[in-house]
Structure formats: C-alpha cells, structure tokens
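Structure first, then comments.
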Amino acid sequence: MSPPQLERGDDFSAASGAWCSVDAACRADAQGRQIHPLACVAPDVVLGRHVRLAAFVNLYGCIIGDETRVGSFVEIQRGAVIGQRCKVSSHTFICSGVTIEDECFLGHGVLFVNDRYPRAVRPDGGMQTDIDWRLEPTRVCRGASLGSGAIILCGVTVGERALVGAGAVVTRDVPAGAVVAGVPARWMASRAHLPRQGAWRAAEV
C-alpha cells in the first residue's frame, strides 16, 4: 500500500497512528511520554514519565528523568544520566560519563568532553579503541544553567544553581551559585541573592 501524501507542516505520530500538525504535540503514551516519530531512541534507553523528545534526537544507553524535555538534534550517549525536569536545547551533545542532576537548563549547542587526551591512533600507529583511553566523568548539579555554546571539559563539577555564560569554556570546577563566563571560564558574580525561580536578566549579574 502506498504511504499517504504529506502536506507541508504535517508529521506522523508513530504512537497514535494519526497525522498531526508539527505545531501540535503528538499524543502521549500511557506514561505521558511524547516521542517524535523522527526521534532515534535505542531500546536500552530508560525514559521517565512525561518526557518529551523532539525530532532527530539520537539517544542510546542513557537515562532521562521525569518531565525532561530534549530538543532537536541532541545526542546523548551510553552511560549519561539526565535528571528530572531538565531542559536540553537543540544541537547539544552529552557524552558518556556525564551526569545532569534535576532541574538543569542546557542552552543550544552545549558540548561535553570526556577524554582529556583525545587522539585517533595509538603510539604504535593502530587505531585507538575503547580500551585505549580513560573516561573522566563530569557532573552538573541541581538547578545549574549552561548558556548556549558552552563547552564543559571532562572531570569538572558545575555546582548547584551555578550559571555558565554563553560560549564559555569550563576547565575547572564551578562553585555552587557562581556565575562564570569567558574562555577559560572565570568567576563573574554570585547568584546567591537571586530567588530560586525568580526572573532576572543576564545584564544584571
């Protein structure tokens, strides 16, 4: 049987078997999860309740907590853990060894690194394999925010409710409540005086 013809602005909900506008959320499953039919989700991925996955995500061997939203073109590798009520914006890369605690915000194009000495070949000229390098874990603590384009090098901890500015390169631990920015990222201010859910502008810190 020939597939139905798509009209501009339509997509297909694999869960419901119904056509729906891309501007509308596809029907949720029994656990409240909404997974775009163009999302690539491996069978070993663990998804919490009410998770939302956009088109063209690539997830394998990871854990995603309840109510977390993952934007388009995000890759999350095996062994990564994302907590509850997080927002992961489009084009972000979360590699093996990364733990994101609850209520964290990741802007567009945030990148993580898990290898301090990356290389393609071994000293003997052979291609490097998984046993030829050491993974260094990274943790982003509860309520932290990472601005768009931030790069988080391996082995660091971003403290609770810390704010990493857009385009920053984080090479060392970020204290809880700190505001850091620049290349390499440096302390700029503190968020300690700000309400947990209060509105604020970056220019004010």
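Going by the working numbering, the first residue of the sequence shown is number 148, and it counts up by one from there.
By construction, the Cβ of each residue, glycine as well, lies at the ideal position given by its N, Cα and C atoms.
- Beta-bridge pairing by DSSP links V287 to I247, V305.
- Looking at the DSSP output, C187 shares a beta bridge with N205.
- Shortest Cα-Cα distance from V305 to any of D249, M274, A267, P265 involves D249.
- For S295, the CB contacts under 8 angstroms within the same chain, skipping 5 residues up- and downstream, are S236, G254, H255, G256, V257, A313, G314 in chain order.
- S337 and C242 have their C-alpha atoms roughly 28 angstroms apart.
- V245 counts as buried, since at least 16 other C-beta atoms from the protein chains shown sit within 10 angstroms of its C-beta.
- Judged by their CB atoms, V217 and V204 are nearer to each other than the 8 angstroms cut-off.
- Each residue's CA atom was taken as its position, placing R289 and R308 some 6 angstroms apart.
- If you draw a straight line from the Cα of D213 to the Cα of T276, it comes to about 34 angstroms.
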